[in-house]
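For the sequence shown, my numbering assigns the number -18 to the initial residue and increments by one for each residue that follows.
The structure appears right after this line, and notes come after that.
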Amino acid sequence: MKKQDRYDPNSDPQEEFQKALSDYCRLLARKIAERWLRLHAENENREVKNEEE
-18 MKKQDRYDPN SDPQEEFQKA LSDYCRLLAR KIAERWLRLH AENENREVKN
32 EEE
């Protein structure tokens, strides 16, 4: 998706900034959640392996 398609160049710059910031925050939150879930799953796997030994 191109920025030209996504945002109207004639719109208010403050509004464009708020949209971009919102998109960035959503992306960052998703990345943090994915990383947390992956690390949590890895820790669970380690605990299970330690209990089996």
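Glycine residues also receive a C-beta, built at the ideal position from the N, C-alpha and C atoms.
| Check | Outcome |
| --- | --- |
| To the nearest angstrom, report how far apart SER(-8) and ARG19 are at their CA atoms. | 39 Å |
| Taking its Cβ as the centre, do 16 or more other Cβ atoms sit within 10 Å of MET(-18), making it buried, or is it exposed? | Here the model assigns MET(-18) a pLDDT of 45, short of 50, so the residue's position is not dependable, and the following value carries that caveat. When all chains shown are included, MET(-18) counts as exposed. |
| At the 9 Å Cβ level, is ASN(-9) part of the contact set with chain D, yes or no? | This model lacks chain D altogether; it includes just one protein chain. |
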